[in-house]
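Visitor:
In our numbering, the protein residues as written are 164 to 426.
1. Quick check: residue 412 and residue 368, are their CB atoms within less than 8 Å of each other?
2. Can you list the beta strand (DSSP E) stretches of 3 or more residues lying completely in the stretch 194-255, in chain order?
3. Given this structure, state the Cα-to-Cα distance separating residue 376 from residue 221, to the nearest angstrom.
4. In the stretch 297-378, which residue ranges form an unbroken alpha helix (DSSP H) of at least 4 residues, counting only runs that do not cross its ends?
5. Using three-state DSSP, classify residue 411 as helix, strand or coil.
6. Taking just the CA atoms, how far does residue 211 sit from residue 267?
7. If we ignore side chains and look at the alpha-carbon of each, how far apart do residue 333 and residue 325 end up?
8. In whole angstroms, what is the alpha-carbon distance linking residue 380 and residue 305?
9. Measuring alpha carbon to alpha carbon, tell me which of 351, 347 and 339 ends up nearest residue 258.
10. I'd like to check one pair, residue 292 with residue 425: are the Cβ atoms closer than 8 Å?
11. Are residue 350 and residue 319 closer than 8 Å when you measure CB to CB?
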């Protein structure tokens, strides 16, 4: 499922390098599929194998937000979703009885599935929220219908599409919890990267997402992480993304974040 063409370059010889292609506007699933080397996955198959191959792109596709800070070999999209799914197992007892945790775990593993084709679009990439949503919805239609529509009666594809849509609509308690877990996982990774390089990298702009955590139980987790971060930095000046412009974040970045995380 590598999108690298066999052009003889040194990079093309590395099967671990998978680049999400840039395609001309208007963006379509078909344009991305046309770039996959040596061929796009088979559609309308009764086998789940083509879908399994698409999932590989989540393992090799990177979370793009970190690249602006020189972290080019950071977590993959699949890494992010895997830790999220495990975090649901530690749902606070005061919240757990109100949730369908089995569905929440599935939602964690599904919510970024469209990025296998779309790629990871970040708040500063200049892609409007409606356009991002369109690309991802069309990709989930492609996955659920073209790849999974004839697999075991299409039931798995229908379930995947429905769970993804529930996450996107953000109206149920299950979806709100998973959105909070999504932000919590980012906060954890932010602090872990900063610690790994001993304050030589300030990723504080990402702390903004703490302001978008909505459930009281997960808000407590967010506060704990930000406290851990402040204790780590100590008296050394550092960016407080949770305070926006007043915390040292550029105004343009804050506006992009507000637009990205708006309902």
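By construction, the Cβ of each residue, glycine as well, lies at the ideal position given by its N, Cα and C atoms. Being a predicted model, the structure only gives us computed values, none of them experimental.
Guide: So, to answer that:
1. Yes, they are a contact pair.
2. When DSSP assignments are scanned along the stretch 194-255, no uninterrupted stretch of beta strand (DSSP E) that is 3 or more residues long falls wholly within it.
3. Distance from the CA of residue 376 to the CA of residue 221, rounded to the nearest whole angstrom, comes to 25 Å.
4. With a minimum length of 4 residues, the continuous alpha helix (DSSP H) runs that stay inside the stretch 297-378 are 318-332 and 336-359.
5. In this structure, residue 411 counts as coil in the three-state DSSP scheme.
6. Residue 267 and residue 211 have their alpha carbons spaced roughly 23 Å apart.
7. Between the alpha carbons of residue 333 and residue 325 lies a gap of roughly 12 Å.
8. Between residue 380 and residue 305, the C-alpha separation is close to 36 Å.
9. With respect to the C-alpha of residue 258, the residue from 351, 347 and 339 having the closest C-alpha is 339.
10. Their beta carbons are under 8 Å apart, which means residue 425 touches residue 292 by this criterion.
11. For the pair residue 350 and residue 319, the CB atoms are not nearer than the 8 Å cut-off.
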